[in-house]
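The block underneath contains the structure these notes are about, expressed in structure tokens.
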Amino acid sequence: MAPTGMSLREKITLGLLFVMTTLLYADQLIMSAILPELSKEYAVSETTLGLIGSGFTLVGALISIVFGFFSDRAPRKALMVLVIMVGEIPCILTGVPYFTSSIESFTILRILSGIGLGGIMPITLSVLADFFREENRASASAWMITAWSVGSVLGVEVAGFLTNDFGWRLPFILIGVPNIPLAIIFALYAREPERGRTEEALEALIQKGLVYKQKIKLSDFGLIFTNKTNIYTFLQGLPGTVPWGILTYWLINFFETHRGVSKEMASLIFLVLGIGSLLGGLGFAYVGEWLYKKQPRYMPLMCGAGVLLGIIPSFLLINMSLENMTLYLALGFFTGFLVSVASANVNAILMNVNRPEHRGSVFAVFNITNNLGQGLGPAIGGLLIPLGQIFMMNFAILWWVPCGLLLLAVARYITADRESLRKLLGERAAQMQAQARG
Numbered sequence: 280m281a282p283t284g285m286s287l288r289e290k291i292t293l294g295l296l297f298v299m300t301t302l303l304y305a306d307q308l309i310m311s312a313i314l315p316e317l318s319k320e321y322a323v324s325e326t327t328l329g330l331i332g333s334g335f336t337l338v339g340a341l342i343s344i345v346f347g348f349f350s351d352r353a354p355r356k357a358l359m360v361l362v363i364m365v366g367e368i369p370c371i372l373t374g375v376p377y378f379t380s381s382i383e384s385f386t387i388l389r390i391l392s393g394i395g396l397g398g399i400m401p402i403t404l405s406v407l408a409d410f411f412r413e414e415n416r417a418s419a420s421a422w423m424i425t426a427w428s429v430g431s432v433l434g435v436e437v438a439g440f441l442t443n444d445f446g447w448r449l450p451f452i453l454i455g456v457p458n459i460p461l462a463i464i465f466a467l468y469a470r471e472p473e474r475g476r477t478e479e480a481l482e483a484l485i486q487k488g489l490v491y492k493q494k495i496k497l498s499d500f501g502l503i504f505t506n507k508t509n510i511y512t513f514l515q516g517l518p519g520t521v522p523w524g525i526l527t528y529w530l531i532n533f534f535e536t537h538r539g540v541s542k543e544m545a546s547l548i549f550l551v552l553g554i555g556s557l558l559g560g561l562g563f564a565y566v567g568e569w570l571y572k573k574q575p576r577y578m579p580l581m582c583g584a585g586v587l588l589g590i591i592p593s594f595l596l597i598n599m600s601l602e603n604m605t606l607y608l609a610l611g612f613f614t615g616f617l618v619s620v621a622s623a624n625v626n627a628i629l630m631n632v633n634r635p636e637h638r639g640s641v642f643a644v645f646n647i648t649n650n651l652g653q654g655l656g657p658a659i660g661g662l663l664i665p666l667g668q669i670f671m672m673n674f675a676i677l678w679w680v681p682c683g684l685l686l687l688a689v690a691r692y693i694t695a696d697r698e699s700l701r702k703l704l705g706e707r708a709a710q711m712q713a714q715a716r717g
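Below, the structure is given as structure tokens:
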């Protein structure tokens, strides 16, 4: 993974981006570790808490279309600082008893935090595409997703290990406060890359000082949906994230209440699942890049096959009652490892078939479909609890079947859509040269 022509200041910018998004994502799943405590304090059912968790994700995903659109028209640095503040200030206030004395005030602060989290994804991936060339975007995206995953697991683990001794509010403060000074440093020091500078047709011209001036228009959203690679990639996000929405939100509670393990052991199973997901996402990103260089369609074929194979260990994890905790941990690891095959690769696929001035909006749309499943997951899980937790978990796993099949369908269109983009950028490069000659 080699960034293109990066100065020291730009490398620091990228580093700050990784750290800030890691801390912001620490807020994503924290509720899953404190469901019994929240239910007791507010005297509400787990179904109600599932609806709040869904609202947190869904409102943020829907609002991300606004941030994505403006990231294709305006400086992305200012938008990045804005979403960090929007996400972290409500997170910190959630840890203050005065601001969370009722379930209504808790819900409002959760949804406000979700808006910040929803906005970060399209902005970050738009910037990342301008830091890295086509052949390195999967691994670059994998490292960014690793940062997000580390953040998500960090939040769950902090809450899981501190709640019994210090209460459920302290973790919100601990994960929210560090990002405020980092966002200020980012605002004062960071430098975002020039839009389009890593495209083969534009790179040399931008290095000479020419500017790629294209900006998205509202009418361009129609173009986004004429791209069949986009359509199938968007569609696979819905069934692909329903399992994550249910499993990550309810897994600790499932092992704690249904399998009778301690909160600490349930949190450890969740942690190992997360580690498997991290390693799978990273490893398959590099394999995906290698396959992409041979033939672009090999990347989505690998993604579809990996997701379908991941159903096997996930089914065993949920349905086997084991005395040996090591086997639970092993199954959790391989579940996370296999089903994460697509995580970074689908981001690279979208980067590589869309115009530089469309990518923020493309990832905002993808964020909606990707988070619709994950956002509905907690609520679906809560509604299915009366049918039994085993039923709920198996229901979740089966959604990976259509996800895998849709990823296989992407392979049919990616090569043509990639070549169409390269042709367009070549034409625009010629126009830039002609305008420069005057």
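Quick note on the working numbering: the sequence shown kicks off at 280 and runs consecutively. Note that the Cβ used here is the ideal one computed from N, Cα and C, for glycine as well. It should be emphasised that the depicted structure is a prediction, and the values quoted were computed from it without experimental measurement.
Asked	Found
From the DSSP output, in three-state form, read off N603 for me.	coil
Under DSSP, the alpha helix (DSSP H) around R355 begins and ends at which residues?	355 to 373
Would the beta-carbon of L718 fall within 8 Å of that of I647?	The structure shown does not extend to residue 718, since the chain spans only 280 to 717, so no value can be given for it.
For S384 and G329, what's the separation of their Cα atoms in angstroms?	16 Å
Where L314 and N532 are concerned, what is the direct C-alpha to C-alpha distance, given to the nearest angstrom?	8 Å
Quick test of the definition: if touching needs 3 or more C-beta pairs under 8 Å, does the segment 488 to 506 touch the segment 351 to 359?	yes
Assuming V437 and I452 are in contact, meaning their beta carbons sit under 8 Å apart, how far apart are those beta carbons, in whole angstroms?	Going by Cβ atoms, the distance from V437 to I452 rounds to 10 Å, so no, they are not a contact pair.
Where do the N-terminal and C-terminal ends of the alpha helix (DSSP H) with T527 fall, by residue?	507 to 536
What did DSSP end up calling I495 once you bin it into helix, strand or coil?	coil
For F563 versus L404, is the C-beta distance shorter than 8 Å?	no
Going along the chain, which residues of its own chain have a beta-carbon closer than 8 Å to the beta-carbon of A426, five neighbours each way excluded?	F297, V298, T300, T301, Y304
First and last residue of the alpha helix (DSSP H) that includes S311?	It is not in any alpha helix (DSSP H) - S311 carries neither H nor E in the DSSP assignment.
Identify whether A281 lies in helix, strand or coil by the three-state DSSP scheme.	Since pLDDT at A281 reaches only 48, below the 50 mark, its modelled position is unreliable, and no value is offered.
So does the segment 509 to 522 actually touch the segment 676 to 696, counting three or more Cβ pairs closer than 8 Å?	yes
So, at 6 Å on beta carbons, what are the nonlocal neighbours of L337 in its own chain, with the 5 sequence-adjacent residues on each side left out?	G654
Please report the residue range of the alpha helix (DSSP H) in which A408 lies.	382 to 410
Between which two residues does the alpha helix (DSSP H) carrying D444 extend?	416 to 445
Could you compute how far the alpha carbon of R634 sits from the alpha carbon of Q710?	16 Å
Relative to the alpha-carbon of D696, which residue among G639, L308, N506 has its alpha-carbon at the smallest distance?	N506
Under DSSP, the alpha helix (DSSP H) around Y468 begins and ends at which residues?	458 to 468
Can you tell me which of the three DSSP states L337 falls into?	helix
With contact counted as at least three CB pairs below 8 Å, one residue from each stretch, are the segment 470 to 478 and the segment 605 to 615 in contact?	no
Measuring alpha carbon to alpha carbon, tell me which residue in K290, P522, K494 is nearest V659.	This sequence places Ile at residue 659; Val is not what is there. Minimum Cα distance to I659 is reached at P522.
Is it buried or exposed, Q714, if we count other Cβ atoms within 10 angstroms and call 16 or more buried?	exposed
Within its chain, find whatever has a CB closer than 8 Å to the CB of M364; leave out the 5 residues flanking it on each side and keep chain order.	G395, I459, A462
What first and last residue would you give for the alpha helix (DSSP H) that runs through A476?	The sequence given here has Arg at residue 476, not Ala. First-last for R476: undefined, no H or E at that position.
With distances taken Cα to Cα, identify the nearest neighbour of S333 among L372, G393, T379.	G393
Could you tell me if A281 is buried or exposed, where buried requires 16 or more neighbouring beta carbons within 10 angstroms of its beta carbon?	Residue placement at A281 is flagged as unreliable, the pLDDT there being 48, under the threshold of 50; a coordinate-derived value is accordingly withheld.
Starting from the Cα of L237, find the closest Cα among R716, I525, V435, I382 and give me that residue.	What the structure shows of the chain is the stretch from 280 to 717, and residue 237 is not part of that stretch, so it cannot be assessed.
Taking the alpha-carbon of D409 as reference, which of V345, Q486, R448, A545 has the nearest alpha-carbon?	Q486
With distances taken between CB atoms, is the gap from L407 to S420 smaller than 8 Å?	yes
Work out the CA separation of M400 and P472 for me, nearest whole Å.	17 Å
Does any CB atom of chain B fall closer than 8 Å to the CB of L489?	The displayed structure is made up of one protein chain only, and chain B is not part of it.
Would you mind sorting Y468 into buried or exposed? The rule is 16 or more other CB atoms within 10 Å of its CB.	exposed
Would you kindly work out how many angstroms separate the C-alpha atoms of G539 and Y607, rounded to a whole number?	13 Å
Under the assumption that V632 contacts I693 (Cβ atoms under 8 Å), give the Cβ distance between them as a whole number of angstroms.	7 Å
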